[in-house]
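A short write-up of the structure that comes next.
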Amino acid sequence: MIQAEDPLFQHEFNILLNSYLSDFLEQNLPFRDHTALVRNYTMLISLILIPIVVGLWAQMKVKSAYGKYVQVPSRGRITGREAAQAVMESAGIYDVEIVECHGTLTDHYDPTHKRLALSRDNYRGSSLAALGVAAHEAGHAIQHKQAYAPLNLRMALVPITSIATQFLPFIMFGGFFFGMGPLLLKLGIVVYLVLTVFQLITLPVEFDASKRAKAQLVGLGIVEQDEMVGVNKTLDAAGYTYVAAFVSSLGWLLYMLLNNRD
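Numbering (our numbering), first residue to last: 3 to 264.
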């Protein structure tokens with residue numbers, strides 16, 4: 003799954019600007035221990051701010067790569083829809099519906115309904131970026147058929163992860179109005195533990211799908227070897243966002259664990 007925006011980062015910005023600052027001002031007034039102040043600043047920068055900056059960089063990287071290579075047509079002029087269908091059929095998959103969806107980089111594979119959704123430019127277009135994204139999503143369909151263990155585990159964690167994300171607004175508003183107290187910290191630890199595990203499992207799922215996509219595009223003759231530069235840069239840039247999301251969740255988890263210890 004490749005998405006231009008990760009709502010998790012938006013939640014983290016809100017949590018950072020609201021709950022942390024209110025709690026930070028309360029605990030680190032000028033008459034407090036200078037060592038503790040420096041330690042908290044170090045924790046904030048290393049565990050929270052740096053991962054967020056890296057995440058923003060990753061988002062800009064994928065938008066830049068996609069924006070560049072969506073303008074570069076492939077020589078074969080095969081559309082993203084046709085590429086996805088060819089990749090799946092090469093693996094004996096004929097029961098997955100390919101549909102066009104709204105938005106940009108909203109492409110995804112839905113294993114529950116066996117539906118592969120491609121955004122307009124990737125569904126109808128024949129650019130190197132479109133072919134890369136389409137083949138990537140087809141890679142997820144192949145994972146599903148072959149019962150790829152990380153994908154099955156990720157699917158099993160989706161319900162609990164969805165529940166966990168519902169608590170993020172409570173952490174944000176609770177931190178803003180009441181500070182990051184013991185109860186809120188414990189809730190945050192549980193939520194970010196779930197999110198971190200989910201993001202960790204997502205890494206092999208996404209990297210494997212990209213690996214399958216690259217191999218199939220060349221193997222099926224959809225893209226010539228010298229055209230793979232555009233495909234590689236698009237998919238590799240998307241991979242950075244998954245790593246950044248994991249590091250960001252891990253940073254918040256470590257930050258809350260360290261604060262809970264105090």
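For every residue, glycine included, the Cβ atom is placed at its ideal position computed from N, Cα and C.
For secondary structure counted as the alpha helix (DSSP H) over 4 or more consecutive residues, the stretch 115-194 holds these complete runs in sequence order: 122-126, 130-147, 151-168, 170-180. Sorting Val231, Asp97, Gln87 by C-alpha distance to the C-alpha of Arg126 places Gln87 at the top.
Lys213 is the residue among Gly105, Lys213, Val160 whose C-alpha sits nearest the C-alpha of His142. In the three-state DSSP reduction, Pro75 falls in the strand class (E or B). Of all C-beta pairs linking the stretch 49-67 to the stretch 242-260, three or more are shorter than 8 Å, placing the two stretches in contact.
Contact annotation: Ser128 and Ser76 have beta-carbon atoms nearer than 7 Å. Contact between the stretch 184-193 and the stretch 110-119 is absent: fewer than three C-beta pairs spanning the two stretches fall below 8 Å. Comparing alpha carbon positions, the residue from Tyr257, Asp238, Ala131, Thr236 closest to Arg83 is Ala131.
Counting only residues of its own chain and dropping the five nearest sequence neighbours on each side, Ala140 has a CB closer than 6 Å to the CB of Ala86, Val89, Met90. Fewer than three Cβ pairs drawn from the stretch 198-214 and the stretch 60-67 lie within less than 8 Å of each other, which leaves the two stretches out of contact.
Judged by DSSP in its simplified three-state form, Asp228 adopts helix. Straight across, the Cα-Cα distance linking Ile165 with Gly176 is about 18 Å.
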